[in-house]
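K.L.:
Sharing a structure here in structure tokens format.
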Amino acid sequence: YISDIWVSPDHQGKGIGRQLILAAMEKGKREGLGFAGLLVHAENLNAQQVYERLGFGVVKTVEFSGGFYYHLQKVL
5 YISDIWVSPD
15 HQGKGIGRQL
25 ILAAMEKGKR
35 EGLGFAGLLV
45 HAENLNAQQV
55 YERLGFGVVK
65 TVEFSGGFYY
75 HLQKVL
């Protein structure tokens with residue numbers, strides 16, 4: 005499960021978040037995990053688009069910490 009990826013606003017849009025996600029997925033694959041999962045706030049369309057371009061798909065919507073989130077997964 006990938007959690008708490010954050011890129012400083014001064015450095016957003018440079019592909020850093022994408023590189024962090026790719027590194028996490030590669031590590032999971034090396035360790036024999038079958039899939040990667042994460043949550044993204046339902047209103048965070050920019051992040052959701054990044055995850056979908058990386059091959060993640062929405063599995064379900066969950067209520068968490070006072071908001072609605074999409075649970076996305078990707079087969080590694």
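For the sequence shown, my numbering puts the final residue at 80, and the numbers step up evenly by one. From the three backbone atoms N, C-alpha and C, an ideal C-beta is built for every residue, glycine too.
1. For the alpha helix (DSSP H) holding E30, just list the boundary residues, first then last.
2. Tell me, please, whether the CB atom of S12 is closer than 8 Å to any CB atom in chain D?
3. DSSP on E56, reduced to helix/strand/coil?
4. Taking the C-alpha atoms as reference points, what is the distance between N48 and K31?
5. Go to E67, then tell me how far its beta strand (DSSP E) extends in each direction, as first and last residue.
6. A46 by DSSP, collapsed to three states: which one?
P.N.:
Checking against the coordinates, here is how it stands:
1. E30 -> alpha helix (DSSP H) spans I20 to R34.
2. Annotation note: the requested chain D is absent from the structure, which comprises a single protein chain.
3. Three-state DSSP puts E56 in a helix.
4. Roughly 26 Å between the two C-alpha positions.
5. In the DSSP assignment, E67 falls within the unbroken beta strand (DSSP E) covering G61 to F68.
6. DSSP, read as helix, strand or coil, puts A46 in coil.
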